[in-house]
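Before any comments, here is the structure.
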Amino acid sequence: NENSSSCNFAVYPNPSHGEFSIQFDHIVQSATLEIFNLLGEKIYEQKKSTQQKRTIQYDAPLGMYILKIKIAGREFTQKITNF
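Count along the sequence shown starting at 1, add 19, and that's the number in my numbering.
What follows is the structure, encoded as structure tokens:
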């Protein structure tokens, strides 16, 4: 993933069963969270302010996905697996 010192985060558990948490190292005022399948199709989107921890639930077939987090004009990505 493309974490920098200005936005460190952890995604857990990974792999998961359609629910995971994102733990930021600080409170994030505004973030867009998106999940894409490997074909590039968006299957989940959430735009809102968040706390240091956010739990995400998504309904998707088993497989690998890309989590994209947009904060303050920057994008961070993380592979996630649903099993």
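Beta carbons are placed, not taken as given, at the ideal position from N, Cα and C, and that holds for glycine.
Would residue i and residue j qualify as a contact pair, given that the criterion is a beta-carbon distance under 9 Å?
i, j, result
"Arg-73", "Ser-40", "yes"
"Ile-75", "Thr-51", "no"
Distance, Cα to Cα, residue i vs residue j?
i, j, result
"Ile-46", "Thr-100", "25 Å"
"Gly-37", "Tyr-84", "11 Å"
"Gln-97", "Asn-56", "12 Å"
"Lys-61", "Gln-42", "22 Å"
"Ser-49", "Phe-28", "14 Å"
"Gly-82", "Phe-102", "6 Å"
"Asn-33", "Glu-53", "16 Å"
"Phe-95", "Leu-58", "18 Å"
Which residue's Cα is closest to the Cα of residue i: the options?
i, options, result
"Tyr-77", "Gln-97, Gln-65, Gln-42", "Gln-65"
"Gln-70", "Tyr-31, Asp-44, Asn-33, Tyr-63", "Asp-44"
"Ser-68", "Phe-95, Tyr-31, Ile-88, Val-30", "Ile-88"
"Pro-80", "Val-30, Tyr-63, Arg-93, Phe-95", "Tyr-63"
* **Inside the segment 26-81 only - beta strand (DSSP E) runs reaching at least 3 residues** => 28-31, 38-43, 50-56, 61-67, 72-76
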